[in-house]
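Following: one structure in structure tokens, then a few remarks.
Number of protein chains: 2
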Amino acid sequence: MAYDLWYWPGIQGRGEFVRLALEAAGIAYNDRARVAGEEGLLADLERRGARGPFAPPYLDADGLVIAQVANILLYLGERHRLAPADPAGWLWLNQLQLTIADLVAEVHNIHHPVEMMAYYEEQKPEAARAARQFRAERLPKFLAHFEASVNDAPGDWLTGERWSYGDTSLFQVVEGLRYMFPQRMAALQGDYPGVIRIRDQVAALPGVRAYLRSERRLPFNTDGIFRHYPELDAA
Amino acid sequence: MAYDLWYWPGIQGRGEFVRLALEAAGIAYNDRARVAGEEGLLADLERRGARGPFAPPYLDADGLVIAQVANILLYLGERHRLAPADPAGWLWLNQLQLTIADLVAEVHNIHHPVEMMAYYEEQKPEAARAARQFRAERLPKFLAHFEASVNDAPGDWLTGERWSYGDTSLFQVVEGLRYMFPQRMAALQGDYPGVIRIRDQVAALPGVRAYLRSERRLPFNTDGIFRHYPELDAA
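Protein sequences, first through last, are from chains B and E.
Counting in my numbering, the final residue of the first sequence is number 445, and the numbers go up one at a time with none missing.
Counting in my numbering, the final residue of the second sequence is number 445, and the numbers go up one at a time with none missing.
Below, the structure written as structure tokens:
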């Protein structure tokens, strides 16, 4: 039975980390809100009630409802062998995914530094300041951590000789950062060849190649998590 | 063999979620940086190398190094039965813990909205704006989610008839919010009796009672995650 994935229909956002793992593995899923729309998503969320998700994305696995990206990937990783089976391996992968989640939260905070529920246009000077520090300090720190993780990996991929959901997530981080900060990433990425190699390997996976060419892959836009505002970028 | 826990020595911070679970369960651990100091922590972090933690806290479990609070608790929960054993149960608990992690990140962002690496004093007007929205919109939304989770729980605790690390984490959320926003929490908390009941039940656990009276429990302060700046609070 195909999974039901529920996420905001117009953006890659956090849902994309789940989509990429499913697509790379060729696992069947229905991207429900792409058909039901935002109203359908909100109605479904309401219907889930008390112990339902705090926010999308969430996966309905034949009645088992799982929210939070890292939690969904932990479930899929174990069930479909998209993660190492040994505790040291899957704990390390979960740790890496949570660090990616931290990066994603920091990235969102750049364009919404003072009011998460207001528009970017209402906080542009603050966003410029947040972007400066992210570009100068946080971005290299995160990339250096991922680079070290790749370089110390036990095989061609982050967790061994086979791709895991950590690799597809790192792919999305690179793609998102390149879209959001083209100048900064062009200046920096030569320092992180291992990260770029993982990105390229993921892009070449048959499932990912087919996905990226399909209409299922939404383009990046300025409603998502990674947003390109030229005034926030600089080499 | 006792666990080694490494975290910034002067604050509760994110490490406190791990400490509370260990203390409630009576699990032996060495809070290493309380002896080694911040320099000792930084030296240890350096020594861990490439696949080491991105940031404290991390737990050294006889050579297995685990970072990220939710990941550490997942490990401890399974190993020491501080979590349900069934997938639906532990996945839901992990999801809840990740939502608590989101709240913690948003709370930190209130006093550091535009520059994570700079001082609060350099971003006070921005912090005031962030605090207003958090108090008005985000705080009730998080508390309502936790309240619904408690009310729909299958027993006296979040995951059944025995406390889990979700309960000790919710205790810490309430304590932190009461310290950070005494006026706002006094105005709001009557609406969330289930959350307060869990807080009170956790406070009454023998291990937690002993811990809270000990010197191991650091006081809240304005270096941690939850910070009391009177100008950021209002009923």
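From the three backbone atoms N, C-alpha and C, an ideal C-beta is built for every residue, glycine too.
Checklist line | Burial state of Tyr-329(E), where buried means 16 or more other Cβ atoms lie within 10 Å | finding: A residue is called buried once 16 or more other Cβ atoms fall within 10 Å of its Cβ, and Tyr-329(E), having fewer, is exposed.
Check: When we look at the beta-carbon of Ser-374(E) and count the other beta-carbons within 10 Å, is it buried (16 or more) or exposed?
Finding: buried
Item checked: Straight-line gap, Gly-417(E) to Trp-302(B) (C-alpha atoms, nearest Å) -> 29 Å
Next item on the list: Could you tell me which of Arg-372(B), Leu-428(B), Tyr-389(B), His-355(B) sits nearest to Ala-295(B), measuring between CA atoms?
Entry: The residue with the shortest Cα to Cα distance from Ala-295(B) is Arg-372(B).
Item checked: Within chain E, partners of Gln-278(B) - CB distance below 8 Å -> What Gln-278(B) touches in chain E: Asn-304, Gln-305, Leu-308, Thr-309.
Margin query: Let me check understanding here. Comparing Cα to Cα, which of Val-245(E), Gly-262(E), Leu-283(E), Leu-286(E) lies closest to Val-275(E)?
Written below: Gly-262(E)
Notebook entry, point to check: Can you list the residues of chain E that Pro-294(B) reaches, using a CB-CB cut of under 9 Å?
Noted result: Residues of chain E passing the Cβ test: none, with the nearest at roughly 13 Å.
Item checked: Where the segment 225-236 of chain E meets chain C: residues whose CB sits under 7 Å from a CB there -> No chain C appears in this structure, whose protein chains are B and E.
Next item on the list: Keeping to the same chain, check which residues put their C-beta closer than 8 Å to that of Gln-393(E); ignore five residues upstream and five downstream.
Entry: Exclusion of the five residues before and after Gln-393(E) leaves Asp-443, Ala-444, Ala-445 as the residues of its chain whose Cβ lies within less than 8 Å of its Cβ.
Next item on the list: Starting from the Cα of Leu-306(E), find the closest Cα among Phe-436(E), Asp-377(E), Arg-244(E) and give me that residue.
Entry: Asp-377(E)
Item checked: Classification of Met-327(B) by the beta-carbon crowding that lies within 10 angstroms, buried from 16 upward -> exposed
Margin query: Quick check: what's the CA-CA separation for Trp-218(B) versus Ile-406(E)?
Written below: 33 Å
Next item on the list: Provide the residue span of the alpha helix (DSSP H) that contains Tyr-421(B), from first to last.
Entry: 416-423
Margin query: For the beta strand (DSSP E) containing Ala-235(B), name the first residue and the last one.
Written below: Ala-235(B) -> not in any beta strand (DSSP E); alpha helix (DSSP H) instead, spanning 225-235.
Checklist line | Option nearest His-355(B) by Cα separation, candidates Leu-428(B), Glu-248(B), Asp-401(B), Ala-413(B) | finding: Among Leu-428(B), Glu-248(B), Asp-401(B), Ala-413(B), the Cα nearest to that of His-355(B) is on Asp-401(B).
Item checked: Whole-angstrom distance between Gln-399(E) and Val-384(E), CA atom to CA atom -> 9 Å
Next item on the list: Kindly list, in the order they appear in chain E, the residues whose Cβ is closer than 8 Å to that of Met-211(B).
Entry: Per Cβ cutoff of 8 Å: no residues; Met-211(B) is ~16 Å from chain E at best.
Check: Which residue spans inside the segment 229-283 of chain E form an unbroken beta strand (DSSP E) run of at least 3?
Finding: 239-241, 268-271, 274-277
Item checked: Segments of 4+ residues assigned as alpha helix (DSSP H) that fall wholly inside the segment 294-326 of chain E -> 297-321
Next item on the list: Kindly say whether Glu-347(E), judged by its beta-carbon, lies nearer than 8 Å to any beta-carbon of chain B.
Entry: yes
Next item on the list: Tell me whether the beta-carbon of Ile-221(B) lies closer than 8 Å to the beta-carbon of Leu-428(B).
Entry: yes
Next item on the list: Could you tell me the distance, in whole angstroms, from the CA atom of Val-279(B) to the CA atom of Gly-225(B)?
Entry: 7 Å
Check: Is the segment 328-345 of chain B in contact with the segment 249-257 of chain B, if contact means three or more CB pairs nearer than 8 Å?
Finding: Flag = no, the segment 328-345 of chain B and the segment 249-257 of chain B do not touch.
Margin query: For a contact defined as C-beta to C-beta under 8 Å, what are the partners of His-355(E) on chain B?
Written below: Phe-264
Notebook entry, point to check: Of all the CB atoms in chain B, is at least one closer than 8 Å to the CB of Leu-274(E)?
Noted result: yes
Next item on the list: Please check the pair Leu-215(E) and Pro-267(E), which I expect to be a contact at CB under 8 Å, by giving their CB distance rounded to whole angstroms.
Entry: About 6 Å separates the CB atoms of Leu-215(E) and Pro-267(E); that is less than 8 Å, so the two are in contact.
Next item on the list: May I ask you to report which of helix, strand or coil DSSP gives Asp-401(E)?
Entry: helix
Margin query: Within 10 Å of its beta-carbon, does Ser-424(B) have 16 or more other beta-carbons around it, so buried, or fewer, so exposed?
Written below: exposed
Note to self: Given this structure, state the Cα-to-Cα distance separating Arg-258(B) from Asp-362(E), to the nearest angstrom.
What the structure shows: Each residue's alpha carbon lies about 12 Å from the other.
Check: So, is Met-395(E) buried or exposed, given that buried needs 16 or more other C-beta atoms within 10 angstroms?
Finding: buried
Next item on the list: Determine the DSSP secondary structure at Gly-287(E), reduced to helix, strand or coil.
Entry: In this structure, Gly-287(E) counts as helix in the three-state DSSP scheme.
Margin query: Within 10 Å of its beta-carbon, does Met-211(E) have 16 or more other beta-carbons around it, so buried, or fewer, so exposed?
Written below: exposed
Notebook entry, point to check: Quick one: what does DSSP say Asp-377(B) is sitting in, helix, strand or coil?
Noted result: helix
Margin query: Would Pro-403(E) pass as an interface residue toward chain B - the criterion being a Cβ-Cβ separation below 8 Å?
Written below: no
Margin query: I believe Leu-292(B) touches Ile-282(B) by the beta-carbon criterion, under 8 Å. Please report the beta-carbon distance rounded to the nearest angstrom.
Written below: Going by Cβ atoms, the distance from Leu-292(B) to Ile-282(B) rounds to 11 Å, so no, they are not a contact pair.
Item checked: Contact belief for Val-317(E) with Ile-435(E) at Cβ below 8 Å, rounded distance in angstroms -> Contact check for Val-317(E) and Ile-435(E): beta-carbon distance about 6 Å, within the 8 Å limit, so the pair qualifies.
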